[in-house]
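Inspection log for the structure reproduced underneath, given as structure tokens.
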């Protein structure tokens, strides 16, 4: 799998871009704020329908972009992707919202096309699989639990169309269930038949949550197999890394979706009074976490910076291995100025992944001094300056 061609219009600081890409390794270099990261961001957006840097799609549209025929300005992101099952054209238009008088509103709307046919944003996920490495990957280990849940969800959504649809359904039901609980708390009124009132929402949330949990637990088994030995090698012979799934409720021994759904229903019933008092759903996949241990020590809490950096890198390389194992194709690797952050040993492990014969890698750097002559001779290079890309 690789991106054959990337097209941008009024995206970030790019006015226009039409760039052919090699199936191997491409290095984009240049000063900060030149547009290097935006190239990787565009490809990540096509794969996941979200930016790794922004909460609002509105900011993806070039600041001085001009709309056509009175319409609000928009950004266009498109790519031709070669895959084992056949080529595909992916395209997203992100348009700033405006009222009937053309005055700007918050947010943006997007139009998705797959092979030039209209599609839903959710249908885009999984058409192209990517793994993004950034200097902020350390937050996977020492950041809040939401970062680790997001890591699992982005990985599994790219591999399993049913996972991403179930996740969307779970989030919708969770929002509605929480709204009901919050309303009862604010009104200081609990219905006489509260269990009956919540029965539908409990069943729907448990069914969706059971599937999400089953897939996450299965992924953790595989990630332990892939990332554990990598950490041991990078850390110079420490004990093997163990990734533990820290569920917010007692899952017992259940591991299949049906059994896990039953465990969630039991947990909802057991926590009913607490949920009513707090006005929110207190257990489920939306509150779970990952714990990283070596020799029984929680390195997310007590590990050194070097240990935590090794865990983050092992997780990302493991993510790439999981995608390759399940799909039979290597994902596109996006490395945003990360090699300069790594010591020689960690860099060697990442370069070994890059040099796999069927691996497309797009990486960025501020200058070429971070790379040796052999590496530079083997890659395609582009200089990036002020939203323009030049060969050489």
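Numbering (the working numbering), first residue to last: 1 to 392.
Using N, Cα and C, we set each Cβ at its ideal position, and we do this for glycine too.
Any idea if residue i is buried or exposed, counting beta-carbon neighbours within 10 angstroms, 16 or more meaning buried?
i: residue 85; result: exposed
i: residue 155; result: buried
i: residue 244; result: exposed
i: residue 125; result: buried
i: residue 200; result: exposed
i: residue 257; result: buried
i: residue 312; result: buried
i: residue 71; result: exposed
i: residue 268; result: buried
i: residue 191; result: exposed
Measuring CA to CA, which of the options is closest to residue i?
i: residue 15; options: 311, 22, 39; result: 39
i: residue 27; options: 387, 382, 386; result: 382
i: residue 92; options: 203, 49, 147; result: 49
i: residue 33; options: 357, 352, 336, 345; result: 336
i: residue 452; options: 222, 357, 122, 388; result: This structure cannot settle anything about residue 452, because the visible part of the chain is limited to 1 through 392.
i: residue 87; options: 41, 5, 19, 56; result: 5
i: residue 188; options: 7, 273, 250; result: 273
i: residue 365; options: 191, 133, 54, 265; result: 133
i: residue 63; options: 11, 107, 51; result: 11
i: residue 94; options: 67, 82, 81, 117; result: 67
i: residue 223; options: 290, 75, 144; result: 290
Since residue i is in the beta strand (DSSP E), which residue starts that stretch and which ends it?
i: residue 325; result: It is not in any beta strand (DSSP E) - residue 325 instead sits in the alpha helix (DSSP H) that spans 305-327.
i: residue 293; result: 289-294
i: residue 242; result: 242-246
i: residue 388; result: 388-391
i: residue 5; result: 2-11
Within this structure, are the beta carbons of residue i and residue j separated by less than 8 Å?
i: residue 158; j: residue 330; result: no
i: residue 339; j: residue 370; result: yes
i: residue 3; j: residue 79; result: yes
i: residue 384; j: residue 29; result: yes
i: residue 130; j: residue 43; result: yes
i: residue 354; j: residue 25; result: yes
i: residue 322; j: residue 226; result: yes
i: residue 114; j: residue 168; result: no
i: residue 261; j: residue 210; result: yes
i: residue 109; j: residue 117; result: no
i: residue 1; j: residue 112; result: no
What residue range is occupied by the uninterrupted alpha helix (DSSP H) comprising residue i?
i: residue 161; result: 161-187
i: residue 399; result: Outside the displayed span of the chain (1 to 392) sits residue 399, for which this structure offers no information.
i: residue 48; result: 36-48
i: residue 19; result: Counting along the chain, residue 19 falls outside any alpha helix (DSSP H), though it belongs to the beta strand (DSSP E) covering 14-20.
i: residue 364; result: No alpha helix (DSSP H) contains residue 364, which is instead part of the beta strand (DSSP E) from 361-365.
i: residue 274; result: 272-278
i: residue 123; result: 121-124
i: residue 344; result: 344-354
i: residue 375; result: 373-378
i: residue 139; result: 139-142
Inset, instruction - Say whether the stretch 279-287 touches the stretch 315-325, bearing in mind that this needs 3 or more beta-carbon pairs closer than 8 Å, one atom from each stretch. - result: no
Inset, instruction - Examine the Cβ distances between the stretch 293-305 and the stretch 202-215 and report whether three or more of them are shorter than 8 Å. - result: no
Inset, instruction - Count the CB pairs spanning the stretch 181-197 and the stretch 128-140 that are closer than 8 Å, and state whether there are at least three. - result: no
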